[in-house]
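Student:
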Amino acid sequence: MEQRWASTWRMSVNERKFIETALASDLRVDGRRPFDYRRLTIKFGREDGSAEVQLGQTHVLSYVTSQLVQPYRDRPNEGSLSIFTEFSPMADPSFEAGRPGEFAIELGRVIDRGLRESRAVDMESLCVVAGKSVWSIRVDLHIIDNGGNLVDAANIAALAALLTFRRPECTVGGENGQDVIIHDPEVMEPLPLIIHHLPIAVTFAFFSDGNIMVIDPTHKEEVVMGGRMTATINSNGDVCTVQKAGGEGIMSSVVMQCLRVASVKAADITSKIKNAVETYNTERALRKVKRHPLTAAHRVIVPDVIMKNEQVENIGHRPDKNSRQDDEMLVDTKTCTNSESSSGGRHTDPFVGGSSNWDPYPGRVGKLQDLPGPLMVIKEELRSDEMVIESTPELSTITSSSGTVGASGVKQQTNAPKSLKDAVKSKNRKKNKASTTTS
Amino acid sequence: MSNQTIKLGAGLRQDCDTISVMKAGTLRLSKPNKYWVESSHKRYVPCVEDTVLGIVVDSKPDNFLVDIKAPTLAFLPVLAFEGGTRRNIPKFEVGTLLYVRVVKANNSMNPELSCMDDTGKAAEFGPLKDGYVFETSTGLSRMLLSSPTCPVLEALGKSLSYELAVGLNGRVWVNAASPSTVILVSNAIINSEFLSGVQQKIMVEKLMKRLQ
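Listed below in structure tokens is the structure:
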């Protein structure tokens, strides 16, 4: 008992009295006016569907996940949305680990009502096969620090996470035409959820028999307050839910006033969330765009530069073969790099790494077409080389170079012995080599 | 130097010939021979002779149970008041704020408090009336108590009059004539935690301008 006493947060009489007297003259202990909201910051995680919201000192983390499940009997063509709350004892000593407390359940219910019963998230678009499989969306809310007004902060966190969440694309097909195939996010771009409107929860606290009303109460104000009301409202002014908690009764005129204030605040918060989501989305898109050129540059341009240097030298050494310079250049570049690779030079490393990466194993053949471009480019280069060699068999220099090409082909085979395709290719190349040498 | 005795305080431990640090913080030295490590926490570890702000949780026949943000509740004997006898036991309701001194702080024992100084005088200890209390880190409370007056308090004191009681357990009590002054002072103190002396002064100046 005593141990529990020591870990609970308690308030002195002085604080209680001061907060009440200050509120009587429209002052709040953190310097805000009665209808000021605290500073709101929304951050997003690296993955889609995770958001971190800070409202003053309150800190909430939310995470959205999805799963394919069988739908409910009465709603065969609708997905489901469920809210789970986790109150960490780190946030507030009065939160107990494990069993959710009364407030945890209330918070979950208020957010659930606001999101689900106002049909903010389109449920029918989550249906894959009616009556068989639908997407079930799960929102996990983690309270990391309790600085008061958890409902609003958790609601904003849930909305921000839902807005950035993307479920994997799936199609119906397979052998019997009934299987659901979930596509990898790399293969098919995941789809965002359809969200019709944003229900924003705005909490009011009442003091001294409902005469004093403040918005967004802090932790200390929550201890002192007589009653609390949460209005969930969207930017169009539609009231989604109203939750009146705490004992104190309030006048209907006060409720109407609250709703008017809430609709203004909701519009404000909606724009904040939308801005944050937009910046996240543009960043995400930029991340996507940047990735491909970077890898391409790494794989193709780096060896290319080396080739060119030596190519210039080669041209300088042999000025007499100007007529077929273009073809020669191609061949020569190959010979240079290949001779280097066969001699075990340092330039082999990127090439070998590349080949072991892009060599498709038989099991993964299906993915081949979706691999980024540069690999295909390399292959085509090789092929064109072979073409060149075949078309110019009479030049002695080129036969010698083709010999090195063949050698490099063998080398490649030893580098990646598992790959079936490579084995086949090297055989072809051997044939080519044989044909060129004989002719 | 070699045969000098040194005293180790919080955060330091002796293993045979070596002294090792047990927590992160700044190493402090009090001449001639006291060493300890200072760090900022939201919790308080009781230490003898610290002055703290406690909140009465319960009263027992022999002791008041006081919350001083320590791992366990502290005992304040009912006789530990100036001229305290069995007949004139003070009455504190639950939630009363007390300015007290730690007299015993041992492991595995509840800390013991007193409302008297060493000589048995009341010396400012006792209940605090009105005002506002807020909780900060122990580091900030130590900064507020540092010996050349903390810049933020000095800057505030130039234009405002207020009363302040700082407990080493991270509780700060502020009182002034008007609630707006109390709110201003308390927020200025909370905001000054990670500011340098000059920045604190600038911050207070800005606040004053906004007030006028």
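Here the protein sequences line up with chains A and B, keeping their order.
For my numbering, add 383 to where a residue sits in the first sequence, where the first one is 1.
For my numbering, add 1 to where a residue sits in the second sequence, where the first one is 1.
Using N, Cα and C, we set each Cβ at its ideal position, and we do this for glycine too.
Predicted, not measured: the structure shown is a model, and the values here were computed from it.
List, in order along the chain, the chain A residues whose C-beta lies closer than 7 Å to that of N108(B)?
Tutor: For this step, residue 108(B) is matched to residue 107 along the second sequence. Those within 7 Å of N108(B) in chain A number zero; the least Cβ separation is about 16 Å.
Student: Just the C-alpha distance for Y455(A) and F401(A), rounded to the nearest angstrom, thanks.
Tutor: Against the first sequence, residue 455(A) aligns to sequence position 72. Against the first sequence, residue 401(A) aligns to sequence position 18. Looking at the two C-alpha atoms, the distance is approximately 53 Å.
Student: Of all the CB atoms in chain B, is at least one closer than 8 Å to the CB of N397(A)?
Tutor: Start at 1 with the first residue of the first sequence, and residue 397(A) comes out as number 14. Output row for N397(A): interface = yes.
Student: Check whether the stretch 415 to 435 of chain A and the stretch 593 to 611 of chain A are in contact - that is, three or more C-beta pairs closer than 8 Å.
Tutor: Touching, yes.
Student: Given 7 Å as the limit, tell me if V412(A) has its C-beta closer than that to any heavy atom belonging to the ligand NAD.
Tutor: With respect to the ligand NAD, the structure shown offers nothing to examine, as it has no ligands at all.
Student: For Y133(B), which beta-bridge partners are listed by DSSP?
Tutor: In the second sequence, counting from the first residue as 1, residue 133(B) sits at position 132. Partner(s): V175(B).
Student: Please state whether DSSP places T665(A) in a helix, a strand or coil.
Tutor: The residue labelled residue 665(A) in the question sits at position 282 within the first sequence. Helix at T665(A).
Student: Could you pull the DSSP bridge partners for Q200(B) from this structure?
Tutor: Stepping through the second sequence from its first residue, residue 200(B) is reached at position 199. Beta-bridge pairing links Q200(B) to no other residue.
Student: Is the Cβ of G96(B) closer than 8 Å to any Cβ of chain A?
Tutor: Here residue 96(B) is taken as the residue at index 95 of the second sequence, counted from 1. By this cut-off, G96(B) is an interface position.
Student: What residue range does the beta strand (DSSP E) around V412(A) cover?
Tutor: Counting from 1 along the first sequence, the entry for residue 412(A) is found at position 29. Counting along the chain, V412(A) falls outside any beta strand (DSSP E), and DSSP gives it neither H nor E.
Student: Run through the DSSP bridge pairs and tell me what A544(A) is partnered with.
Tutor: Against the first sequence, residue 544(A) aligns to sequence position 161. Its beta-bridge partners do not exist; DSSP assigns none.
Student: Determine whether the Cβ of P91(B) lies closer than 8 Å to any Cβ atom of chain A.
Tutor: Translated into the one-based positions of the second sequence, residue 91(B) becomes position 90. No, P91(B) lies away from the interface with chain A (no Cβ there is under 8 Å from its Cβ).
Student: Take G610(A) and list the residues in its own chain whose beta-carbon comes closer than 6 Å to its own, dropping the five residues that flank it on each side.
Tutor: Position 227 of the first sequence, counting from 1, holds the residue named residue 610(A). Taken in chain order, the residues that qualify are F589, G629 and E631.
Student: I want to see whether chain A comes within less than 8 Å of K68(B), judged by CB atoms only; does it?
Tutor: Mapped onto the second sequence, residue 68(B) falls at position 67. For the sequence presented, residue 68(B) should be read as Asp rather than Lys. For D68(B), the answer is yes, since a Cβ of chain A falls inside 8 Å of its Cβ.
Student: Under the assumption that L54(B) contacts L9(B) (Cβ atoms under 8 Å), give the Cβ distance between them as a whole number of angstroms.
Tutor: Taking the second sequence and counting its residues from 1, the one referred to as residue 54(B) is at position 53. Taking the second sequence and counting its residues from 1, the one referred to as residue 9(B) is at position 8. Not confirmed; about 28 Å, so no contact.
Student: Taking the beta carbon of T19(B) as the centre, do at least 16 other beta carbons fall within 10 Å, making it buried, or is it exposed?
Tutor: In the second sequence, the residue the question calls residue 19(B) occupies position 18. Exposed is the call here.
Student: Less than 8 Å between the C-beta atoms of H580(A) and N619(A), yes or no?
Tutor: Taking the first residue of the first sequence as position 1, residue 580(A) is located at position 197. Taking the first residue of the first sequence as position 1, residue 619(A) is located at position 236. Yes, the Cβ-Cβ distance between H580(A) and N619(A) is below 8 Å.
Student: The beta strand (DSSP E) that contains R521(A), what's its start and end?
Tutor: On the first sequence, residue 521(A) is found 138 positions in, with the first residue counted as 1. It spans S516 to D528 - the beta strand (DSSP E) in which R521(A) sits, taken as one unbroken run.
Student: Please report how far the alpha carbon of E50(B) lies from the alpha carbon of E469(A), in whole angstroms.
Tutor: Working through the second sequence from its first residue, we reach residue 50(B) at position 49. Working through the first sequence from its first residue, we reach residue 469(A) at position 86. Taking the straight line from one Cα to the other gives about 41 Å.
Student: Out of T6(B), P149(B), R143(B) and G26(B), which one is the CA nearest neighbour of K35(B)?
Tutor: Your numbering for residue 35(B) matches position 34 in the second sequence. Of T6(B), P149(B), R143(B) and G26(B), the residue nearest in Cα terms is T6(B).
Student: Pick out whichever of V58(B), S109(B), A81(B) and L212(B) has its Cα sitting closest to the Cα of D119(B).
Tutor: Position 118 of the second sequence, counting from 1, holds the residue named residue 119(B). It is A81(B).
Student: With a cut-off of 8 Å, does the C-beta of G158(B) fall near any C-beta of chain A?
Tutor: As a position in the second sequence, residue 158(B) is number 157, starting the count at 1. So, not an interface residue.
Student: Flag I203(B) as yes if its beta-carbon sits less than 8 Å from any beta-carbon of chain A, otherwise no.
Tutor: Within the second sequence, residue 203(B) is the residue found at index 202, counting from 1. No - not a single Cβ of chain A is within 8 Å of the one on I203(B).
Student: At least one CB of chain B closer than 8 Å to the CB of S408(A): is that the case?
Tutor: Along the first sequence, one-based indexing puts residue 408(A) at 25. True, the Cβ-Cβ gap to chain B drops below 8 Å.
Student: Would you say V436(A) reaches chain B, if we count a Cβ-Cβ gap shorter than 8 Å as a contact?
Tutor: Here the question's residue 436(A) lines up with position 53 in the first sequence. V436(A) does not count as touching chain B.
Student: Please report whether the beta-carbon of S181(B) lies at a distance below 8 Å from any beta-carbon of chain A.
Tutor: As a first step, residue 181(B) is located in the second sequence; it is residue number 180 there, counting from the start. Taking Cβ atoms only, chain A reaches closer than 8 Å to S181(B), which makes this a yes.
Student: What alpha helix (DSSP H) runs, 4 residues minimum, are completely inside the stretch 462 to 501 of chain A?
Tutor: Runs found: 485 to 495.
Student: Among residues of its own chain, excluding the 5 on either side of L196(B), which ones have a beta-carbon nearer than 7 Å to its beta-carbon?
Tutor: Walking along the second sequence from the start, residue 196(B) turns up at place 195. Closer than 7 Å at Cβ, skipping near neighbours: M204.
Student: Measuring alpha carbon to alpha carbon, tell me which of D562(A), F548(A), G593(A) and E558(A) ends up nearest P575(A).
Tutor: As a working note, residue 575(A) is residue 192 in the first sequence. Comparing Cα positions, the closest option is F548(A).
Student: Reducing DSSP to helix, strand and coil, say where G55(B) ends up.
Tutor: Against the second sequence, residue 55(B) aligns to sequence position 54. Correct three-state label for G55(B): strand.
Student: Assess contact between the stretch 442 to 458 of chain A and the stretch 479 to 491 of chain A, defined as three or more Cβ pairs (one per stretch) separated by less than 8 Å. Is contact present?
Tutor: No: the two stretches stay apart, fewer than three of their Cβ pairs being nearer than 8 Å.
Student: To test your reading of the DSSP string, which unbroken beta strand (DSSP E) runs of 3 or more residues are found completely within the stretch 562 to 641 of chain A?
Tutor: Listed in chain order, the complete beta strand (DSSP E) runs (minimum 3 residues) inside the stretch 562 to 641 of chain A are 562 to 565, 583 to 590, 595 to 598, 610 to 616 and 622 to 628.
Student: Going straight from the alpha carbon of S501(A) to that of C116(B), what length do you get?
Tutor: Position 118 of the first sequence, counting from 1, holds the residue named residue 501(A). Position 115 of the second sequence, counting from 1, holds the residue named residue 116(B). Straight-line Cα distance between these residues: approximately 59 Å.
Student: Select from the stretch 132 to 150 of chain B all residues with a C-beta closer than 7 Å to any C-beta belonging to chain A, and list them in chain order.
Tutor: Answer in chain order: G132, Y133 and V134.
Student: Hey, does N188(B) have any beta-carbon neighbour from chain A nearer than 8 Å?
Tutor: Taking the first residue of the second sequence as 1, we reach residue 188(B) at position 187. Yes, N188(B) counts as interfacial toward chain A.
Student: Can you tell me where the beta strand (DSSP E) holding A75(B) begins and where it ends?
Tutor: Indexing the second sequence from 1 puts residue 75(B) at position 74. First-last of the beta strand (DSSP E) with A75(B): A75 to P78.
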